[in-house]
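In this note's numbering, the protein residues as written are 7 to 367.
Note that beta-carbon positions come from the ideal geometry of N, C-alpha and C, so glycine has one too.
Note that the coordinates shown come from a computational prediction; the quantities given were computed from them, not determined experimentally.
See structure below.
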Ligand SMILES: *Cc1c(COP(=O)(O)O)cnc(C)c1O
């Protein structure tokens, strides 16, 4: 017996999407980004399915330790680096590759007197986003220090991140890449720039390592292109169950605050998913769901554990039916994200532990 809500995770689609990244950048190595529980899909299961990756990347140390303890022995890169001597020691114990973006982090590493040197590490370069990164002069100095350091055994690469990769043709992307390439020439290091959007739209940015995230999960990184346009397949199908049906009269209100009011006799269904599962409350009153191939409107406010749906135009629907919130061909995660005035990344990450993940493929 399946207990709903369930996020069905299609591992074959995940592998297909990785192959699209590889086909786009055939000469680059792949660091598959599985931070935030693999964008809500389940980090260890996703890492196992993406074994054709050359490395994985997460944001923080606990995420990497979870993967190591879950049996993942490929290189793992920490995008947010190390914040203390203790974290340096753990990175050494678990053999994690870190990203350095402050000079303090370099001092921490030498202070830590780690037992085993770290594998392949990265210097984050500031190329216009002004989030994390060292400037060009700092990078040149840090690079030669790290080359001599006994605390790193592998290579040292140069990493940077585009602020506008999702805007195809934005001149700022070319400027950021140009800054990086000038530097890479001076220190002759492997280079990594491209996230999903750059992988799919800016071939010159592919360089030595690509870093696909959202595209692996079958969502488009562009506002004006669908996943299908990019040949990506949806990975997560979020489903719940219809747990009650009732018939309302004209004037009856539905849900907290009575935001929705019946202007005629209305058949209303209740579905067992809500913001307590990570279904965003902003979708109250203006999104849809699918039952038995029929796209139907959500009415009233999203509650913690439930939402209401207008079944007046639905045919043959009964209590116990499966309800799809996204991941259906008629209702993609990208469509729902637009309705929620956000991006698919946020909705996917919000799906929490209360939702069972079920893996197929
Ligand atoms: C999250 C992240 C990525 C992946 O970005 P997508 O847009 O999901 O492909 C790549 N690089 C860095 C540094 C990131 O933080």
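- For ligand 1, residues qualifying as neighbours are 39, 85, 167, 201, 202, 217, 219 and 220, where qualification means a beta carbon closer than 5 Å to at least one of its heavy atoms (chain order).
- In the displayed model, residue 14 falls within a strand according to three-state DSSP.
- Residue pairing by DSSP places residue 72 in no beta bridge whatsoever.
- By the C-beta criterion, the stretch 35–42 is judged to be in contact with the stretch 64–72, since at least 3 inter-stretch pairs fall below 8 Å.
- Counting along the chain, residue 180 sits inside the alpha helix (DSSP H) bounded by residues 177–193.
- Counting C-beta atoms within 10 angstroms of its own C-beta, residue 150 has fewer than 16 neighbours from the protein chains shown and is therefore classed as exposed.
- Remark: C-beta atoms of residue 296 and residue 327 do not approach each other more closely than 8 Å.
- For residue 350, the uninterrupted alpha helix (DSSP H) run begins and ends at 350–356, by DSSP.
- The C-beta distance from residue 363 to residue 48 rounds to 5 Å, short enough to fall under 8 Å.
- In terms of CA proximity to residue 244, 350 leads the group 350, 173 and 212.
- Shown here for residue 125: same chain residues with a beta carbon closer than 7 Å to its own, the five before and five after excluded, namely 81, 101, 103, 159 and 160 in chain order.
- Non-local C-beta neighbours of residue 35 in its own chain, meaning closer than 8 Å and more than five positions away in sequence, comprise 60, 61, 214, 215 and 216, ordered along the chain.
- Looking only at 18, 21, 9 and 26, the smallest Cα-Cα distance to residue 205 is reached by 26.
- In this structure, the beta-carbon distance from residue 37 to residue 91 does not fall below 8 Å.
- In this structure, residue 307 keeps its C-beta atom at 8 Å or more from the C-beta atom of residue 257.
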